[in-house]
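Contents: one structure, followed by commentary.
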Ligand SMILES: *Cc1c(COP(=O)(O)O)cnc(C)c1O
Ligand code: SF4
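In our numbering, the protein residues as written are 9 to 497.
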């Protein structure tokens with residue numbers, strides 16, 4: 009075939025050489041002998057394409073306790089629920105001969121100091137590398153150990169987002185003008201160490217007496233009544249607890265009630281489920297249909313109903329996940345992801361870029377990456393604002409813009425989500441960042457980096473109690489000066 013323009017050289021390769029089988033498709037077949045234009049860039053090395061690999065093997069059989077579990081059993085959500093581990097005793101029994109007894113001791117002490125209970129699915133348990141549990145990103149998120157515990161930041165509180173201050177009725181948070189957050193229940197398929205709602209989610213622990221958000225119908229009715237009474241609310245987030253734990257008929261009740269309210273235009277169901285028990289979407293057809301039914305009803309009314317999920321690391325994603333996400337996509341359910349940035353889980357640019365690309369590959373749109381909230385007992389998981397900003401630079405540009413997550417900081421005290429970069433002032437030495445949130449109110453909000461990651465100068469200042477207020481005052485003054493500078497400049 010002649011060259012179109014000799015200024016654009018081709019090489020001797022043809023399309024048929026690069027694509028395995030072009031004969032199936034007439035469009036590709038017509039290209040079979042076209043010579044490929046000379047490349048200007050090196051081809052991506054295989055390690056840049058790892059996000060296309062989805063483990064379809066019976067990986068759980070490599071985990072000794074599940075060596076005999078068949079595919080049918082493992083893929084059944086009832087097996088997953090029934091065998092979820094909820095106590096150290098169960099974990100100890102399961103891990104006998106698999107994990108070091110010293111590790112189990114470490115978990116025992118860790119749990120006694122943690123604000124969250126433990127609950128972890130067989131799916132996740134089987135994906136943990138038990139030879140290296142201390143480094144494993146799934147273990148880090150769900151199983152606390154005493155040895156990695158660090159003291160909480162002196163400025164940290166239990167309900168760091170002040171959700172209870174913005175609640176007109178229990179389990180409903182109305183912070184932003186046109187959207188509200190509904191927390192219909194207080195149980196989840198797993199319990200995450202880093203949960204922002206450790207003030208409510210799961211049962212009481214040695215550390216925390218929880219606020220109860222049990223699915224009582226009078227509490228639900230009161231939330232619906234409030235939403236119906238506020239015409240400015242267009243958008244409802246239904247979050248955790250987790251709708252994965254809601255039976256199909258309750259899911260329908262929530263969805264249909266909200267859709268019936270005329271001013272509601274958008275509903276988001278938020279669930280950790282796809283990341284921790286993807287097989288439910290394949291095996292619990294009744295539940296899957298209930299969800300799709302609400303999505304279809306919404307679409308018929310020209311209202312958006314979608315699913316927001318919460319993958320944090322590529323280790324959580326397998327061939328089962330891909331099948332589940334494909335099933336949702338084919339049924340027309342839009343899925344978006346909100347990840348939490350955590351040290352040693354997803355804080356390297358390689359891992360974060362891989363996660364973003366793997367989600368995109370499954371048609372899950374990476375929506376947010378959250379700066380870790382200032383919650384109790386998980387100081388080892390937080391990173392600095394500086395680190396997150398650097399990570400963001402690596403992520404933006406790596407793939408399509410609409411699949412590029414916004415890095416946000418949900419600032420302590422109830423200012424809401426702010427673009428991570430949008431602080432009025434940030435001092436990486438004291439680790440204090442100052443944010444404003446004009447759409448919510450005219451206050452200023454402070455976020456504090458974890459002390460152990462600050463330079464020595466900063467750590468020394470935090471070691472003196474009397475310096476705390478001085479550092480905060482400095483930050484507030486600097487923020488104000490910056491604001492003035494912008495106004496005149
Ligand atoms: C996160 C959140 C929302 C939804 O915010 P988006 O930025 O639209 O995703 C709504 N209400 C509360 C209280 C929230 O924390
Ligand atoms: S699934 Fe969500 S609400 Fe439940 S414990 Fe985890 S972070 Fe908290």
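Think of the CB as a built atom: it goes at the ideal place given N, C-alpha and C, for glycine as much as any other residue.
With a threshold of 7 Å, establish whether the CB of residue i neighbours any heavy atom of ligand 1.
{"i": "residue 369", "result": "no"}
{"i": "residue 428", "result": "no"}
{"i": "residue 189", "result": "yes"}
{"i": "residue 425", "result": "yes"}
{"i": "residue 455", "result": "no"}
Does the beta-carbon of residue i, which I'm using as the reference point, lie nearer than 7 Å to any heavy atom of ligand 2?
{"i": "residue 105", "result": "no"}
{"i": "residue 288", "result": "no"}
{"i": "residue 205", "result": "yes"}
{"i": "residue 388", "result": "no"}
{"i": "residue 439", "result": "no"}
{"i": "residue 485", "result": "no"}
For residue i and residue j, what's the separation of their Cα atoms in angstroms?
{"i": "residue 396", "j": "residue 135", "result": "27 Å"}
{"i": "residue 232", "j": "residue 254", "result": "17 Å"}
{"i": "residue 92", "j": "residue 35", "result": "50 Å"}
{"i": "residue 389", "j": "residue 80", "result": "36 Å"}
{"i": "residue 9", "j": "residue 309", "result": "In this prediction, residue 9 scores a pLDDT of 49, lower than 50, which makes its location untrustworthy; the coordinate-derived value is nonetheless stated afterwards. Going from the Cα of residue 9 to the Cα of residue 309 covers about 54 Å."}
{"i": "residue 57", "j": "residue 439", "result": "36 Å"}
{"i": "residue 427", "j": "residue 29", "result": "46 Å"}
{"i": "residue 101", "j": "residue 113", "result": "13 Å"}
{"i": "residue 236", "j": "residue 271", "result": "8 Å"}
{"i": "residue 257", "j": "residue 335", "result": "21 Å"}
{"i": "residue 187", "j": "residue 243", "result": "4 Å"}
{"i": "residue 442", "j": "residue 401", "result": "21 Å"}
{"i": "residue 202", "j": "residue 97", "result": "22 Å"}
{"i": "residue 60", "j": "residue 372", "result": "14 Å"}
{"i": "residue 152", "j": "residue 278", "result": "24 Å"}
{"i": "residue 206", "j": "residue 124", "result": "6 Å"}
{"i": "residue 466", "j": "residue 154", "result": "26 Å"}
{"i": "residue 293", "j": "residue 27", "result": "37 Å"}
{"i": "residue 320", "j": "residue 358", "result": "13 Å"}
{"i": "residue 262", "j": "residue 228", "result": "9 Å"}
{"i": "residue 25", "j": "residue 52", "result": "18 Å"}
{"i": "residue 381", "j": "residue 74", "result": "35 Å"}
{"i": "residue 483", "j": "residue 259", "result": "46 Å"}
List the endpoints of the continuous beta strand (DSSP E) containing residue i.
{"i": "residue 43", "result": "43-45"}
{"i": "residue 440", "result": "440-444"}
{"i": "residue 344", "result": "343-348"}
Rank the options by C-alpha distance to the C-alpha of residue i and give the top, closest one.
{"i": "residue 21", "options": "40, 31, 316, 345", "result": "40"}
{"i": "residue 344", "options": "413, 482, 269, 353", "result": "413"}
{"i": "residue 44", "options": "281, 19, 368", "result": "19"}
{"i": "residue 366", "options": "267, 406, 352", "result": "406"}
{"i": "residue 198", "options": "173, 315, 228, 252", "result": "252"}
{"i": "residue 246", "options": "146, 297, 191", "result": "191"}
{"i": "residue 133", "options": "122, 37, 116, 148", "result": "148"}
{"i": "residue 16", "options": "46, 31, 24", "result": "46"}
{"i": "residue 164", "options": "339, 476, 226, 425", "result": "476"}
{"i": "residue 299", "options": "99, 322, 54, 275", "result": "275"}
{"i": "residue 283", "options": "325, 451, 266", "result": "325"}
Counting along the chain, where does the alpha helix (DSSP H) carrying residue i start and finish?
{"i": "residue 498", "result": "In the structure displayed, the chain extends from 9 to 497; residue 498 sits before or after that span and is not available."}
{"i": "residue 466", "result": "464-471"}
{"i": "residue 504", "result": "Outside the displayed range of the chain (9 to 497) lies residue 504, so it cannot be described from this structure."}
{"i": "residue 113", "result": "109-120"}
{"i": "residue 6", "result": "What is shown of the chain runs 9 to 497, which leaves residue 6 out entirely."}
{"i": "residue 284", "result": "281-284"}
{"i": "residue 260", "result": "256-268"}
{"i": "residue 89", "result": "85-90"}
{"i": "residue 365", "result": "357-369"}
{"i": "residue 338", "result": "327-338"}
{"i": "residue 231", "result": "225-237"}
Meets three-Cβ-pair contact criterion under 8 Å: the region 172-185 and the region 140-151: no
Report yes or no: do the region 77-88 and the region 273-288 share at least 3 C-beta pairs separated by less than 8 Å? yes
So does the region 154-162 actually touch the region 408-425, counting three or more Cβ pairs closer than 8 Å? no
Inspect the CB distances between the region 163-176 and the region 415-427 and report whether three or more fall short of 8 Å. yes
Just checking, does the region 107-126 make contact with the region 351-359 on the three C-beta pairs under 8 Å criterion? no
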